[in-house]
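Read in numbering that gives the first Met the number 0, the sequence shown has 171 at position 172, and its numbers run on one by one without any break. Read through the structure below, which is laid out as structure tokens, and then see the notes.
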Amino acid sequence: MPAVKHETFFRQHPVFTGQELATHLASRGAVGHRSQEALLAYYTKTGRVIRVRRGLYAVVPPGAETASYPVDPYLIAGKVTPDAVLSHHTALEFHGRAYSAWNQLIYSASRPVGSLTFRSHAFQGAKFPEALRRSGMEHFGVLSRDRSGVRVRVSSLERALVDVLHRPDLAGGWEEVWRSLESVEFFNLDRVVEYVSLLGNATTAAKVGFFLEQHRDALMVEERHLRPLRERRPRRPHYLDRNKRRPGCLVADWSLLVPNDVLERSWGDVL
Numbered sequence: 000m001p002a003v004k005h006e007t008f009f010r011q012h013p014v015f016t017g018q019e020l021a022t023h024l025a026s027r028g029a030v031g032h033r034s035q036e037a038l039l040a041y042y043t044k045t046g047r048v049i050r051v052r053r054g055l056y057a058v059v060p061p062g063a064e065t066a067s068y069p070v071d072p073y074l075i076a077g078k079v080t081p082d083a084v085l086s087h088h089t090a091l092e093f094h095g096r097a098y099s100a101w102n103q104l105i106y107s108a109s110r111p112v113g114s115l116t117f118r119s120h121a122f123q124g125a126k127f128p129e130a131l132r133r134s135g136m137e138h139f140g141v142l143s144r145d146r147s148g149v150r151v152r153v154s155s156l157e158r159a160l161v162d163v164l165h166r167p168d169l170a171g172g173w174e175e176v177w178r179s180l181e182s183v184e185f186f187n188l189d190r191v192v193e194y195v196s197l198l199g200n201a202t203t204a205a206k207v208g209f210f211l212e213q214h215r216d217a218l219m220v221e222e223r224h225l226r227p228l229r230e231r232r233p234r235r236p237h238y239l240d241r242n243k244r245r246p247g248c249l250v251a252d253w254s255l256l257v258p259n260d261v262l263e264r265s266w267g268d269v270l
């Protein structure tokens, strides 16, 4: 199996799925699992292909060390499932807006796979919110971006803002969320409000409204942005993070119990 037959495919697919390989082989007249298995066995043995997980592979360029060649983790996360979207903290990292760098990558999908670790990186999947699945809007606010010549799907900054407030556990906690979002100079706030409406979650609406009100001047937030969020807030007070019910202050305008360090943004203060 001379390598030249497949070099174009390898160049265009530094990380590829079994389905992508099958399509490539079919275009060359080779159809069936046996052809695919034989090719994968050959290139795995020669060190040109690394198995990431079942059905997902990475290419090693000629002359590179198989064991140490750095495989782009964003490409892996973007192809773990057919509809994977780089999301939450990973979306902020992709856009260069995360406060901290992680070795864990978060993606959203209809059916995330189980726990996956490849070399020094861990990959964690999150299901698309049920409200988005019901309305067929799973990819609202999702962008297609080039990464090493490969198109990957990634949440926009607007969707990421809402997602990390909705699921702070997938973003490193409140300090990481606040510091990351505060590095963004501009959001399309109409899109933010529209996405919150699609989610239909009262607590999330309140969280987003609270954050925007705290950054009203910096983000040029207008009352027309806050009003629909305020109308969706919970009828009774909810914790900012229901999984970590820490004491705090009631922000009545948003029906939120907010921990003091978040309210005052006092984390990391040095006496």
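Note that beta-carbon positions come from the ideal geometry of N, C-alpha and C, so glycine has one too. The structure presented is a predicted model; accordingly, all values stated were derived computationally and were not measured.
Per DSSP, what kind of secondary structure is residue i in: helix, strand or coil?
| i | result |
| --- | --- |
| G124 | strand |
| S26 | helix |
| A100 | coil |
| H165 | helix |
| D145 | strand |
| P258 | strand |
| L115 | strand |
| R152 | strand |
| S182 | coil |
| G247 | strand |
| S134 | helix |
| W266 | coil |
| P233 | coil |
| F139 | coil |
| M0 | Any reading at M0 is ruled out, since the residue's pLDDT is 46, under 50, leaving its predicted position unreliable. |
| A217 | coil |
| A170 | coil |
| T7 | helix |
| A205 | helix |
With a Cβ-Cβ cutoff of 8 Å, do residue i and residue j count as a contact?
| i | j | result |
| --- | --- | --- |
| H87 | V163 | yes |
| L228 | L239 | no |
| V14 | V70 | yes |
| L197 | L131 | yes |
| I105 | T89 | yes |
| L85 | Y98 | no |
| G46 | V59 | yes |
| A57 | Q35 | no |
| Y194 | F127 | no |
| G208 | W177 | no |
| G124 | V192 | no |
| F122 | I75 | yes |
| H237 | A204 | no |
| D168 | N102 | no |
| R133 | V141 | no |
| R96 | S179 | yes |
| E181 | W266 | no |
| L55 | L38 | no |
| A83 | E92 | no |
| E6 | H12 | no |
| H224 | L188 | yes |
| E272 | R190 | Only positions 0 to 270 of the chain appear in this structure, which leaves residue 272 out of reach. |
Using only CA atoms, which one of the options lies nearest to residue i?
| i | options | result |
| --- | --- | --- |
| E263 | L38, L218, D216 and F210 | F210 |
| H214 | V48, R235, F186 and P233 | F186 |
| G135 | S109, A37 and H94 | S109 |
| E230 | D189, E221, A201 and R158 | A201 |
| R50 | G28, T16, R234 and A83 | T16 |
| S67 | P81, S119, G28 and E92 | S119 |
| G28 | K4, G199 and H12 | K4 |
| V112 | S143, V261, R52 and P61 | R52 |
| D145 | A170, H94, V161 and S107 | H94 |
| R279 | K44, R33 and A251 | Lying outside 0 to 270, the shown extent of the chain, residue 279 is not represented and no answer is given. |
From the DSSP secondary-structure annotation, give me the bridge partner or partners of residue i.
| i | result |
| --- | --- |
| F15 | Y56 |
| Y106 | L85 and G124 |
| Y238 | L256 |
Beta-carbon of residue i versus every beta-carbon of chain B: anything under 8 Å?
| i | result |
| --- | --- |
| W253 | This model lacks chain B altogether; it includes just one protein chain. |
*Just list the alpha helix (DSSP H) runs in the stretch 28 to 98, keeping only unbroken ones of 4 residues or longer that don't cross its boundaries, in chain order.*
32 to 44, 72 to 78 and 87 to 93
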